[in-house]
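Report on the following structure.
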Amino acid sequence: MNRRVRLTAGVAQSGPHLDLLKAAGFEILPCNLQAEVYQADVLIRELAGCSAVIAGSEPYTSEVLAACPELRVIARTGVGYDAVDVAACDRAGVAVAVTPGVNHDSAAEQTIALLMGVARGFPEADRMVRAGHWTYVAQPRITGATLGLIGLGRIGQAVAKRACGLGMKLLAYEPYPVQEFVDQWEVELTSLDELLARADYVSLHCPYSQDSHHLMNAERFARMKRGSVFINTARGLLVDEPALIEALKNGPLRGAGLDVFEVEPLPLDSGLLDLSNVLLAPHLAGADNESRTGTLTMSADTLIQLTAGQWPEDRIVNLKDHSNWRWERD
């Protein structure tokens, strides 16, 4: 049985998951090309002869899948899989796995950190001090401000709890709300347009799909309050970046905190890098030590279960008819 697994996720190069895989008989192939595997030819070369990959957010296109006939499993270290062509995986019989229920606290902490950093003007304040300037710039208080959450799933709920502890008022746009949570944490459910018009801070926590592509566009940014702040720790493709840049330059936005981008890694010619009112991070929302260990351990366990003929239903996002799926191809 082919048990060669490539580790393309940067965080996967070390940790207890390696011992689990070795004990199960896997041949582990590290990867030191995390930036380069976003290029299809490099990724194809790295996956040659592998039956599984513990993956980051690099694109798994139909081209990549066609060039990697031995690949059986793409195990994503997180819950998002928009970089994977799931339809192509279905056709190729490749299972796509995620790690649910592990990194929501980490993502929520990153969201609040970005919110507070932008709210208190940390990007510009840091630059001023380093340049020898000592200028006091007053910023609006967070306590009593209104936070609008676009998406109230596991991560959105974790953010809501922390924002409540900061004394913020909560609005949410969520098509399928958990009413018990809404009542307990005094969340006001609104339409998306109303949320944008009323919130002092808007934070994205919805999944990406073709239907939500550029959910935040020029029209929606124009509806936000003047002086408001935008936070995105969800997915970069939810946002029209040129429209965001325009809203940051000329209003209505006061600032933004961004952990994800339309193209990752963020190109060095991105207009976001020229703005002083933006706080940027390299897709770290689910990457604290505990989440790293948890997601990698779960990914390893998924591979082990699949080689044993088991099917972890809550982790596999495709192949609904998997009755004939086997680790070894016929």
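One point on numbering: in our numbering, the residue at position 241 of the sequence shown is 795, and numbering is uninterrupted. Backbone N, C-alpha and C define an ideal beta-carbon position, used for all residues, glycine too.
L822 versus D828: straight-line alpha-carbon distance, rounded: If you number the sequence shown from 1, residue 822 lands on position 268. If you number the sequence shown from 1, residue 828 lands on position 274. For L822 and D828, the distance between alpha carbons rounds to 10 Å.
Nearest residue (CA-CA) to D875, options A649, P731, L619, E617: To locate residue 875, count along the sequence shown from 1; it is residue 321. Closest by alpha carbon: A649.
Exposure label - S763; buried when at least 16 CB within 10 Å: Working through the sequence shown from its first residue, we reach residue 763 at position 209. Per the 10 Å Cβ criterion, exposed.
Residue nearest to G819 in terms of C-alpha spacing, selected from V591, L572, G655, H571: By one-based count along the sequence shown, residue 819 stands at place 265. The residue asked about is misnamed: residue 819 is Pro in this sequence, not Gly. Ranking V591, L572, G655, H571 by Cα distance to P819 puts V591 first.
Q664 CB to nearest heavy atom of the ligand HEM below 7 Å: This structure lacks the ligand HEM, and indeed carries no ligand of any kind.
First and last residue of the uninterrupted beta strand (DSSP E) at L574: By 1-based counting over the sequence shown, the position of residue 574 is 20. Here L574 belongs to no beta strand (DSSP E); instead the alpha helix (DSSP H) covers 571 to 577.
Length of the line joining the Cα atoms of M555 and I608: In the sequence shown, counting from the first residue as 1, residue 555 sits at position 1. In the sequence shown, counting from the first residue as 1, residue 608 sits at position 54. So the two alpha carbons sit approximately 18 Å from each other.
CA-to-CA distance, R880 to A667, given in whole angstroms: If you number the sequence shown from 1, residue 667 lands on position 113. If you number the sequence shown from 1, residue 880 lands on position 326. Going from the Cα of A667 to the Cα of R880 covers about 44 Å.
Beta carbon of L857 nearer than 8 Å to that of A629: Taking the first residue of the sequence shown as 1, we reach residue 857 at position 303. Taking the first residue of the sequence shown as 1, we reach residue 629 at position 75. Yes.
Touch test, the segment 784 to 799 against the segment 809 to 816, Cβ-Cβ under 8 Å, three pairs minimum: yes
6 Å Cβ shell around D855 - same chain, five flanking residues per side excluded: The residue you call residue 855 lines up with position 301 of the sequence shown. The answer is none, since no qualifying residue turns up.
Burial state of D680 (16 or more Cβ within 10 Å): Counting from one through the sequence shown, the residue named residue 680 turns up at place 126. Burial call: exposed.
Residue range of the unbroken beta strand (DSSP E) whose run includes V845: Working through the sequence shown from its first residue, we reach residue 845 at position 291. This sequence places Ser at residue 845; Val is not what is there. It is not in any beta strand (DSSP E) - S845 instead sits in the alpha helix (DSSP H) that spans 843 to 861.
F676 - containing alpha helix (DSSP H), residue span: As a position in the sequence shown, residue 676 is number 122, starting the count at 1. First-last of the alpha helix (DSSP H) with F676: 676 to 684.
Buried/exposed call for S853, threshold 16 Cβ in 10 Å: Mapped onto the sequence shown, residue 853 falls at position 299. Buried, by the Cβ-count rule.
Uninterrupted beta strand (DSSP E) stretches inside the segment 586 to 668 (no shorter than 3 residues): 606 to 609, 627 to 630, 649 to 651
Where V817 sits in the DSSP three-state scheme: Start at 1 with the first residue of the sequence shown, and residue 817 comes out as number 263. Here V817 sits in coil by DSSP.
Three-state secondary structure assigned by DSSP to I704: One-based indexing of the sequence shown puts residue 704 at position 150. Residue state, collapsed to three classes: strand.
Given 8 Å, three or more beta-carbon pairs between the segment 681 to 694 and the segment 654 to 663: no
Pairwise C-alpha distance: F735 and Q711: For this step, residue 711 is matched to residue 157 along the sequence shown. For this step, residue 735 is matched to residue 181 along the sequence shown. Cα to Cα, the separation comes out at about 8 Å.
7 Å Cβ shell around V672 - same chain, five flanking residues per side excluded: Residue 672 sits at position 118 when you count from the first residue of the sequence shown. Excluding residues within five positions, the ones whose Cβ falls inside 7 Å are V783, G809, A810, G811, L833.
Nonlocal neighbours in the same chain, by C-beta distance under 7 Å from L572, ignoring five residues either side: To locate residue 572, count along the sequence shown from 1; it is residue 18. Here the set comprises I582.
Same chain, Cβ closer than 6 Å to D754, five either side skipped, listed in chain order: Indexing the sequence shown from 1 puts residue 754 at position 200. Correct list, in chain order: A699, T700, S782.
Every unbroken beta strand (DSSP E) inside the segment 685 to 740 [3 residues or more]: 700 to 704, 723 to 727
From R883, E882, L850, N878, residue whose alpha carbon lies closest to that of R869: Position 315 of the sequence shown, counted from the first residue, corresponds to residue 869. Per the Cα distances, L850.
Coarse secondary structure for L889, derived from DSSP in three states: Residue 889 cannot be examined here, being either before or after the span of the chain that is shown, 555 to 884.
Backbone secondary structure at F775 - three-state DSSP: Here the question's residue 775 lines up with position 221 in the sequence shown. In the structure shown, F775 sits in a helix (DSSP, three-state: H, G or I).
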